[in-house]
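Residue numbers (our numbering): 155 to 526. All C-beta atoms in this analysis are idealised placements derived from N, C-alpha and C, irrespective of residue type, glycine included. Read through the structure below, which is laid out as structure tokens, and then see the notes.
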């Protein structure tokens with residue numbers, strides 16, 4: 155940093171330090187009119203959250219319960235949120251519409267579930283061959299993703315928040331070896347979204363199957379392969395008992411962001427301090443869920459390694475190169491056909507290039523040279 159730049163930086167720090175406490179003090183003393191959302195009020199709010207997850211679903215669903223508990227504690231009971239799992243109040247894939255219409259105040263899920271309603275939504279969950287969990291969160295929070303996300307959801311009367319991440323997933327469970335990209339041909343695989351489109355172009359048959367039906371369909375040969383989440387949830391599902399090959403890495407979901415969507419009118423009706431509590435609680439939930447996922451997956455992977463009938467394998471470089479090439483082709487085509495997707499994808503790509511350059515001398519170098 156040059157002397158001039160350093161002096162300017164230090165001057166800004168001095169000004170910020172001198173005025174920060176004063177600004178806080180002034181805000182505390184402000185008198186607000188009664189109908190403003192930032193009035194301190196004793197009014198109690200009872201809200202409902204619907205989710206795409208089964209009731210008390212490990213990590214993802216239980217984290218929603220934890221979120222509601224934290225909001226209740228921080229607001230001293232002023233904002234009380236009741237959580238409903240999928241099908242307890244509405245079907246899982248109706249969460250978006252329920253919150254948009256005001257039937258529910260909050261919803262928790264993943265934005266790529268709403269691709270049929272808004273194609274660009276999937277970028278805010280994950281992109282095959284894209285960003286890892288930390289990078290995806292960074293793009294949304296600091297790289298322009300959040301503004302794009304909120305602009306898009308605004309027309310649906312929704313405000314989205316980053317609210318969890320599954321981290322890097324596994325590549326899937328297979329009943330046959332995948333030694334080349336040709337082995338995907340005629341493969342019936344449960345895999346949703348953009349990744350399914352990519353495999354379809356490579357000759358596979360993507361199949362949409364509800365989570366509760368995957369095991370039976372894989373066992374009976376209706377499916378040849380499936381992806382789910384990571385070692386923890388996959389082991390709970392029992393896939394290791396019916397599929398011989400467990401492949402990695404999860405090229406299709408390198409860091410899947412989960413979302414909390416809030417009805418815009420309901421949010422704006424809250425006092426400012428309750429709006430802030432929701433924002434802070436979502437940040438807490440994101441950290442808690444991401445780290446619990448990593449912890450549980452590491453534990454379960456160790457247990458899966460001891461399964462005698464299971465082979466844990468890596469997709470070879472030729473397969474990953476073919477998947478990357480096909481991913482780029484499809485994404486470029488989507489951007490050419492849809493202006494909104496192009497705007498989001500351009501932002502995503504610009505950030506990805508920055509991160510690739512920096513990670514090559516930081517995270518990637520560390521893992522390859524030191525933590526290997």
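Query                                                                                                             : Result
Buried or exposed (CB count within 10 angstroms, at least 16 for buried), residue 187                             : Interpretation of residue 187 is limited by its pLDDT of 37, a score under 50 that renders its predicted location unreliable; the figure taken from the coordinates is listed afterwards. Per the 10 Å Cβ criterion, exposed.
Nearest neighbour of residue 244, chosen from 273, 383 and 261 [CA to CA]                                         : 261
C-beta neighbour in chain C for residue 464, strict 8 Å                                                           : Structure shown: chain C not included; a single protein chain is present.
CA nearest to the CA of residue 470, picked from 325, 392 and 428                                                 : 325
Within 8 Å, strictly: CB atoms of residue 214 and residue 412                                                     : yes
Given residue 342 as reference, the closest of 368, 218 and 507 once Cα atoms are compared                        : 368
For residue 316: DSSP bridge partner residues                                                                     : 413
Buried versus exposed call for residue 459 [16 or more other C-beta atoms within 10 Å across all chains shown]    : exposed
Residues bridged to residue 379 (per DSSP)                                                                        : 328 and 343
Short Cβ contact (8 Å threshold) for residue 408 with residue 299                                                 : no
6 Å Cβ shell around residue 198 - same chain, five flanking residues per side excluded                            : 232
Residue 388, buried or exposed, once every other Cβ within 10 Å from all chains shown has been counted against 16 : buried
Assigned secondary structure, residue 260 (DSSP; H/G/I helix, E/B strand, else coil)                              : strand
The stretch 254-272 / the stretch 202-219 touching (three or more Cβ pairs under 8 Å)                             : yes
Residue 267 beta carbon less than 8 Å from that of residue 547                                                    : Shown here, the chain extends from 155 to 526; a query on residue 547 therefore has no answer.
Range covered by the beta strand (DSSP E) that runs through residue 360                                           : 359-361
Extent of the continuous alpha helix (DSSP H) run through residue 457                                             : 426-458
Residue 468 in three-state terms, based on DSSP                                                                   : strand
Cβ-Cβ distance between residue 385 and residue 499 below 8 Å                                                      : no
Residue span of the beta strand (DSSP E) that contains residue 200, given as start and end                        : 199-205
Coarse secondary structure for residue 214, derived from DSSP in three states                                     : helix
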